[in-house]
Amino acid sequence: MNRNRLSHGGAHDREKGGERRMKKRIRFLALILALALLLPTLSGCGEKDLSGYETVAKLAESGYVMAFREGDQLAEYVQAAVSVLASQGVLRELSLRWLGEDLVIAEADKDALAAFDEIPERTFIFGFDPTLPPMVFSDGKGGYQGFDVELAERICALLHWELKFQPIDPNDLAAELLSGNVDGVWGGIYARETSSGVTLSTPYMEVDFLLITLASARLHSLRALKGKYLSMGADRLSESVLDENPKLRDGLASISKLASGSEGCFEELRNGACDVILVPSTAAAYYMSH
14 MNRNRLSHGG AHDREKGGER RMKKRIRFLA LILALALLLP TLSGCGEKDL SGYETVAKLA
74 ESGYVMAFRE GDQLAEYVQA AVSVLASQGV LRELSLRWLG EDLVIAEADK DALAAFDEIP
134 ERTFIFGFDP TLPPMVFSDG KGGYQGFDVE LAERICALLH WELKFQPIDP NDLAAELLSG
194 NVDGVWGGIY ARETSSGVTL STPYMEVDFL LITLASARLH SLRALKGKYL SMGADRLSES
254 VLDENPKLRD GLASISKLAS GSEGCFEELR NGACDVILVP STAAAYYMSH
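Numbering of the sequence shown is given in the numbering used here, commencing with residue 14 and proceeding in unit increments.
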């Protein structure tokens, strides 16, 4: 009898052991399935960190504009050409290629140039800030590349004008235009700019001013930037944006203003020469995806 009971108990134990093994297999398979479902999400998070940069805050909103001599009719020609190119999808294509997203806000009008009986042929001298990737920057071969470079080429092709490139200091915008050294300026010219004798177009692209750090620095808030080192461009608008945030500005250990603009800012951040940079969102989009 005892042997029978023992034999029966052993069979019962084996049955229970089999159930436990089955449950373990089910839990294991459930874990594999859960991981498979989470994999796209986890991959997305990884891609977000691949750039190595993090946006701490947006300090200001603005827009890129074109600047011309006040009363100069060529401003009307250029703005009409921009409207035609916008209607053809050219600006959107350039924005997607250089920025990875469509930030163009120019008015689209395929008939904008029809308002003019005749547009005289001329050489158009395009002035620009050469330190603002991806809008305008060196191609490493003695020339320039970027969204605004290609925009200038498309405008002049449409108007049958010869194009000449002339890099300038954007802080000297009015002097460059009024002296005749350039005919129009864009590439780093903001809607906030004001100068006597200068006419600004309506904005053709959205742009914000962002504070960027290295993701590894773990500086997730404005409060965390107290006592840190900031680098930014040497242009007046960047200085104005920082001045509008006195608590942040006064809490920084130091502020470096770089003539090399956004390119220099990202270089300093990568090299550890600063903790945070203040740059346009267009530059941030370019460097955080390249």
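All C-beta atoms in this analysis are idealised placements derived from N, C-alpha and C, irrespective of residue type, glycine included. For clarity, every value in this text was computed on a predicted model and none was experimentally measured.
Next on the checklist: On the criterion of 16 or more Cβ atoms from any shown chain inside 10 Å, does Ala-272 qualify as buried, or is it exposed?
Outcome noted: exposed
Checklist entry - Quick one: what does DSSP say Arg-82 is sitting in, helix, strand or coil? => result strand
Checklist entry - Grouping DSSP H, G and I as helix and E and B as strand, with all else coil, what is Asp-263? => result helix
Checklist entry - Is the Cβ-Cβ distance between Gly-197 and Val-292 less than 9 Å? => result no
Checklist entry - Is it right to say Thr-144 is buried, meaning 16 or more other beta carbons lie within 10 angstroms of its own, or is it exposed? => result buried
Next on the checklist: Could you compute how far the alpha carbon of Val-220 sits from the alpha carbon of Arg-205?
Outcome noted: 11 Å
Checklist entry - Considering only the beta carbon of each residue, do Val-69 and Ala-237 sit closer than 9 Å? => result yes
Checklist entry - Okay, do the region 100-109 and the region 139-154 touch, 3+ Cβ pairs below 8 Å being the bar? => result no
Next on the checklist: Within a Cβ cutoff of 7 Å, which residues of the same chain sit near Glu-276, ignoring the five residues on either side of it in sequence?
Outcome noted: Thr-144, Pro-146 and Phe-150
Checklist entry - Tell me which same chain residues have a C-beta within less than 7 Å of the C-beta of Leu-107, skipping the five on either side of it? => result Phe-160, Glu-163 and Leu-164
Item to check | Assumed close pair Tyr-66, Ile-225 - CB separation to whole angstroms, cut-off 8 Å | outcome: 5 Å
Checklist entry - Closest by CA to Leu-190, which one among Tyr-242, Leu-213, Leu-176 and Ile-168? => result Leu-213
Checklist entry - Where does Ala-70 fall in DSSP's three states? => result strand
Checklist entry - Going by C-alpha distance, which of Leu-176, Ala-228 and Leu-261 is nearest Tyr-242? => result Leu-261
Checklist entry - Cβ atoms of Asp-248 and Gly-304: under 9 Å apart, would you say? => result The chain is shown from 14 up to 303; residue 304 falls before or after that span and cannot be answered.
Next on the checklist: What would DSSP say about Val-211, mapped onto helix, strand or coil?
Outcome noted: strand
Next on the checklist: Helix, strand or coil for Asp-124? Go by DSSP, reduced to three states.
Outcome noted: coil
Checklist entry - When you compare only the Cα positions, how much space is there between Ala-93 and Asp-122? => result 8 Å
Item to check | Where the alpha helix (DSSP H) containing Leu-235 begins and where it ends | outcome: From DSSP, Leu-235 is part of no alpha helix (DSSP H); its letter is neither H nor E.
Next on the checklist: Excluding the 5 residues flanking Asp-282 on each side, which residues of the same chain have their C-beta closer than 6 Å to its C-beta?
Outcome noted: It is Leu, not Asp, that sits at residue 282 in the sequence shown. Same-chain partners within the cutoff: Ile-290.
Next on the checklist: Just to confirm the assignment, what range does the beta strand (DSSP E) spanning Leu-291 have?
Outcome noted: 289-293
Next on the checklist: Here's a check: name, in chain order, each residue in its chain whose Cβ is nearer than 6 Å to the Cβ of Tyr-203, leaving out the five neighbours to either side.
Outcome noted: Ser-75 and Leu-250
Next on the checklist: Helix, strand or coil, according to DSSP, for Ser-253 in the structure here?
Outcome noted: helix
Checklist entry - Rounded C-beta distance between Thr-274 and Asp-142? I'm assuming under 8 Å. => result The question names Thr, but residue 274 is Gly in the sequence shown. Indeed they touch by this definition, with Cβ atoms about 7 Å apart.
Checklist entry - Since Gln-179 and Ile-138 are thought to touch, with beta carbons under 8 Å apart, how far apart are those beta carbons, to the nearest angstrom? => result 5 Å
Item to check | Beta-carbon gap between Ala-318 and Ser-208 smaller than 9 Å | outcome: Residue 318 is absent from the structure shown; the chain starts at 14 and stops at 303.
Checklist entry - Alpha carbon to alpha carbon, how far is Asn-258 from Lys-239? => result 13 Å
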